């Protein structure tokens with residue numbers, strides 16, 4: 005489980021980088037600097053009180069929460085009978101006759117278009 009989490013972290017480093025930067029910035033803000041530093045530095049206008057998370061609950065599903073849609077559906081099954089052909093779909097005789105019909109139809113249509121164009 006930890007290895008998968010580390011791989012996910014490495015793959016999506018850009019996602020977690022902002023979260024790490026926020027935590028570092030928040031830690032620096034909570035430290036008490038010296039009096040001279042407090043007077044010189046100007047901080048941001050607002051106080052950062054909210055917690056930044058890379059995978060927030062608005063954009064991502066919360067981890068550990070079961071998917072309600074899966075609870076109410078029947079589990080999917082493969083019906084092997086429906087994955088088999090009842091007869092050979094690539095029959096040579098059938099395919100040859102269909103090819104001859106298509107060729108005859110194509111020749112007839114092309115001859116009509118030549119006659120309509122006045123080329124023949």
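Numbering (the numbering used here), first residue to last: 5 to 124. Glycine included, C-beta positions come from ideal geometry on N, C-alpha and C. Being a predicted model, the structure only gives us computed values, none of them experimental.
Distance CB(residue 56)-CB(residue 35) smaller than 7 Å: One-based indexing of the chain shown puts residue 56 at position 52. One-based indexing of the chain shown puts residue 35 at position 31. No, Cβ-Cβ distance for residue 56 and residue 35 is not below 7 Å.
Where residue 95 falls: helix, strand or coil (DSSP): As a first step, residue 95 must be located in the chain shown, where it is residue number 91. If DSSP states are grouped into helix, strand and coil, residue 95 belongs with coil.
N-terminal and C-terminal residue of the alpha helix (DSSP H) that residue 36 is part of: As a first step, residue 36 is located in the chain shown; it is residue number 32 there, counting from the start. Residue 36 -> no alpha helix (DSSP H), and no H or E assigned at all.
Segment limits, alpha helix (DSSP H) that includes residue 13: Locating residue 13 in the chain shown gives position 9, where the first residue counts as 1. Element bounds for residue 13: 6 to 15.
Euclidean distance between Cα positions of residue 11 and residue 20: Position 7 of the chain shown holds residue 11. Position 16 of the chain shown holds residue 20. In a straight line, the C-alpha of residue 11 is about 13 Å away from that of residue 20.
Cα-Cα separation, residue 86 to residue 95: Position 82 of the chain shown, counting from 1, holds the residue named residue 86. Position 91 of the chain shown, counting from 1, holds the residue named residue 95. Spanning the two alpha carbons is a distance of roughly 20 Å.
Spatial distance of residue 66 from residue 5 (CA atoms): On the chain shown, position 62 is the one that residue 66 refers to. On the chain shown, position 1 is the one that residue 5 refers to. Taking the straight line joining both Cα atoms gives about 17 Å.
DSSP three-state assignment for residue 125, whether helix, strand or coil: The question about residue 125 has no answer, for the chain in this structure spans 5 to 124.
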